[in-house]
Each structure stands twice: as structure tokens, then as C-alpha cells.
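Residue numbers (this note's numbering): 117 to 509.
For each residue, glycine too, the CB sits at the ideal point set by N, CA and C.
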């Protein structure tokens with residue numbers, strides 16, 4: 117499937133970049149005794165604890181905030197974690213993260229090429245796309261989360277949408293949603309674009325994800341696990357904060373009490389844009405994938421979650437960046453540069469603890485993501501006005 121893709125010199129150069137960067141970062145972290153992978157530690161210890169007969173939703177693992185907040189189905193996915201020690205499984209998990217990063221960006225570029233045409237300086241495009249999220253990659257590798265895997269699952273689903281393979285498309289997206297239910301936002305454009313087959317398939321796979329632990333663990337244990345998961349989400353949600361969410365940004369800049377209302381207002385505005393702009397128009401593959409990536413990019417602004425989830429914005433950012441390369445429109449470059457300035461450089465190593473903490477407190481990352489979202493809406497609108505004729509679903 118990927119044979120032709122990885123014959124491309126730009127892709128091979130990008131893979132060398134990713135592997136070199138990741139190995140250097142992991143070596144430095146190991147040398148400094150900081151390769152904690154605390155998020156992975158939660159998956160590992162919770163899974164091992166469960167297979168010893170305990171409830172993984174009752175207490176934290178590792179850090180005080182290290183509660184296992186994943187659906188019971190993921191215990192089946194994580195079952196191989198019991199086979200090896202934490203030290204060995206940690207490196208295997210890091211390998212999967214690096215592998216996901218190495219595949220996802222070139223494959224998404226390949227999809228963009230199919231509908232927007234080929235650009236020059238492809239390695240430079242991939243290098244700069246990597247640079248946009250480099251800070252977030254270091255955090256992902258440091259913590260050992262699964263966001264890069266989520267990114268790959270989304271791109272694989274998009275690839276099979278391009279290939280008109282509905283079952284494979286929805287299978288990858290269903291696994292993605294099971295791993296992180298906040299990914300459910302990608303279903304919003306499906307609903308308003310009338311993608312009923314995709315929705316039905318996702319519902320079917322969702323039902324299967326409920327039945328999978330039932331087949332493995334039995335009815336009573338499965339039911340208790342799901343009840344424990346719902347309880348964990350409700351009882352442990354209070355300690356979570358995110359200075360990048362719309363709730364926080366509205367409170368910080370307008371003095372209004374934090375509320376989910378503002379998140380839903382933001383979501384509603386995106387839905388209104390989708391409905392108004394697509395009314396009476398045929399849904400093309402490019403438009404469909406654009407809106408999926410748009411709502412996925414909005415996910416870490418909508419939910420209260422970790423900063424590594426902004427890795428999920430890279431498909432939308434690459435769309436904006438691709439059009440900047442393609443058209444050489446100075447306005448697009450200004451928008452991209454502004455978004456990148458806010459989005460890509462919030463690092464304690466760059467600015468020091470005090471300045472970095474201040475950037476975090478004022479929600480620079482969340483604002484940068486919103487700049488990318490609004491900029492992409494403008495660029496997409498300009499593309500539509502140019503009467504682009506991408507392939508149809």
C-alpha cells in the first residue's frame with residue numbers, strides 16, 4: 117500500500133529526520149534520567165493491575181493524577197503489556213509512536229497531492245510541517261501517550277476514504293474513538309454532511325467494542341468495568357484543567373465564569389460555517405476530509421485535555437501550509453507564520469520556566485490553534501471561490 121509513497125526521496129528524508137530526532141531526544145532523556153513516560157506507566161500498571169484481578173478505575177497509577185480513564189475495551193488492546201517488564205514495553209511503545217509519526221505526515225501529504233496537485237520542495241514542506249509540532253512531539257515522547265497513534269489512525273481512515281474502502285475507513289476511525297472518546301467530534305461533520313453509512317458503520321463498530329470485553333471477561337465483569345469507567349470520568353474530571361480550552365480563554369480574556377457553554381458556542385459556529393458553505397453543494401472528498409480535520413483540530417480547544425492533543429491539529433495545519441506552498445499567497449504565509457509563532461514555540465527550554473509558565477497561563481497554544489482554525493476556514497473559502505474541482509466521493 118505504501119510502496120510507491122516511500123520511494124519518494126522527500127519521504128525518505130523525512131523518515132531519516134524523524135528517526136534521528138526521536139533517537140536523539142530519547143537518548144538525552146535517558147541520559148538525564150527523565151524518560152518517565154508517565155502516561156504509558158498508567159496504561160501499563162492499570163492493565164497489569166486488572167489482569168491480577170483488581171479494578172483499574174479505583175486509584176491512580178504513578179502520579180497523583182494518573183487515573184486510568186480509558187474505556188474497558190482498551191484493556192484488551194493493552195493486554196500484551198503484561199508480557200514484558202515496564203522498561204521493555206516502554207521502548208516498544210515509543211517505537212510505535214515514532215512509527216506513527218513517520219507514516220502519518222507523508223501519507224497525509226500524499227492525500228493532499230491527490231486533490232490539490234503536486235507541490236515543489238516536498239521535503240521542505242514535510243520538514244516545516246514537522247517543525248510546527250516538534251515541541252508537542254517531545255512532550256508526547258516524554259509522557260508516552262497515544263496521540264501520535266490517534267493521528268495515524270485518522271490519516272489511515274482518510275487514506276481509505278480516498279480509496280473508497282468504507283469498512284477499513286470506519287474501522288480505523290472506530291479504534292481511534294475507542295482509544296480516546298474525545299475524538300467523537302469527527303462525527304459531527306459526518307452528521308451534517310449526510311454521511312449516514314459512515315455513521316452506521318461507526319455505531320456498529322462501537323457496539324462491537326462494547327461486546328469485545330464481554331466476550332473476553334464475561335457479562336458481569338464487563339458491566340462492572342463500564343460502570344467503573346463512567347464513574348472514573350465523572351469523579352476525576354474535577355482536577356483536570358486546560359489553559360488552552362475555550363472555557364479558560366473566555367474566562368481569562370473576558371472575565372466570564374468558566375462554562376461548557378463557550379465550548380458549545382465555538383462548536384456551533386463551526387457547524388454554522390459548514391452548513392452555510394456546503395448548502396446546495398456536492399460533498400467532495402477534499403471538502404469532507406477538510407471538515408473532518410477541522411473538527412479534529414478543534415478537539416483540544418473544546419475539551420479540557422493535555423497540550424499533546426494539539427498534535428491532532430497537524431492535518432488541518434498541513435492543509436493551510438500546502439496551500440501556502442502552492443499559491444505563494446503572502447496572506448496565507450502571514451496567517452501560517454502567526455499561528456506557528458503561537459503554536460510551536462511554547463517551551464521551557466527556549467524561554468525559561470517563568471516566561472514559559474506565563475505563556476501557558478495566557479493560553480498562547482490554544483490561541484495559536486484557533487488562529488490556524490480560522491485561517492484554514494479562510495483558505496478553504498478561497499479555494500472554493502477558485503472553483504477547484506477535486507475528485508468526488
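Check: Within a Cβ cutoff of 7 Å, which residues of the same chain sit near residue 259, ignoring the five residues on either side of it in sequence?; Outcome: 153, 154, 155, 424
Check: Around the Cβ of residue 518, are there at least 16 other Cβ atoms within 10 angstroms (buried) or fewer (exposed)?; Outcome: Outside the shown range of the chain, which is 117 to 509, sits residue 518, and nothing can be said about it.
Check: Would you tell me roughly how many angstroms separate the C-alpha atoms of residue 508 and residue 121, rounded to the nearest one?; Outcome: Any reading at residue 508 must be qualified, since the residue scores a pLDDT of 42, below 50, and its modelled position is unreliable; the value itself is stated next. Between residue 508 and residue 121, the C-alpha separation is close to 22 Å.
Check: How close, in whole Å, do the beta carbons of residue 430 and residue 267 come, if the pair is a contact with beta carbons under 8 Å?; Outcome: 7 Å
Check: DSSP three-state call for residue 277: helix, strand or coil?; Outcome: helix
Check: Residue ranges of each alpha helix (DSSP H) run of no fewer than 4 residues wholly in the segment 405-490, ordered along the chain?; Outcome: 430-443, 446-459, 464-467, 469-477
Check: Could you name the residues that DSSP lists as bridge partners for residue 336?; Outcome: For residue 336, which the question treats as bridged, DSSP gives no partner whatsoever.
Check: Would a C-beta distance cut-off of 9 Å place residue 158 and residue 178 closer than the cut-off?; Outcome: yes
Check: When the Cβ atoms of the segment 186-204 are set against those of the segment 400-416, are three or more pairs found closer than 8 Å?; Outcome: no
Check: Along the chain, where does the alpha helix (DSSP H) containing residue 152 start, and where does it finish?; Outcome: Counting along the chain, residue 152 falls outside any alpha helix (DSSP H), and DSSP gives it neither H nor E.
Check: Name the two residues that bound the continuous alpha helix (DSSP H) containing residue 196.; Outcome: Careful: residue 196 lies outside any alpha helix (DSSP H) and carries neither H nor E.
Check: Got a sec? Which residues, its chain only, sit under 6 Å from residue 483 by beta carbon, not counting five neighbours each side?; Outcome: 458
Check: Do you know how far the Cα of residue 342 is from the Cα of residue 185?; Outcome: 11 Å
Check: Tell me whether residue 391 is buried or exposed, calling it buried when 16 or more other Cβ atoms sit within 10 Å of its Cβ.; Outcome: exposed
Check: What are the uninterrupted segments assigned as beta strand (DSSP E) that are 3 or more residues long and contained completely in the segment 318-399, given in chain order?; Outcome: none
Check: Could you check where the alpha helix (DSSP H) with residue 250 kicks off and where it finishes?; Outcome: 238-259
Check: CB-CB under 8 Å to residue 130, same chain, minus the five flanking residues each way: which ones, in chain order?; Outcome: 218, 221, 222, 239, 242, 243, 246
Check: If I measure Cβ to Cβ from residue 255 and keep anything under 7 Å in the same chain, skipping five residues before and after, which residues do I get?; Outcome: 423, 424
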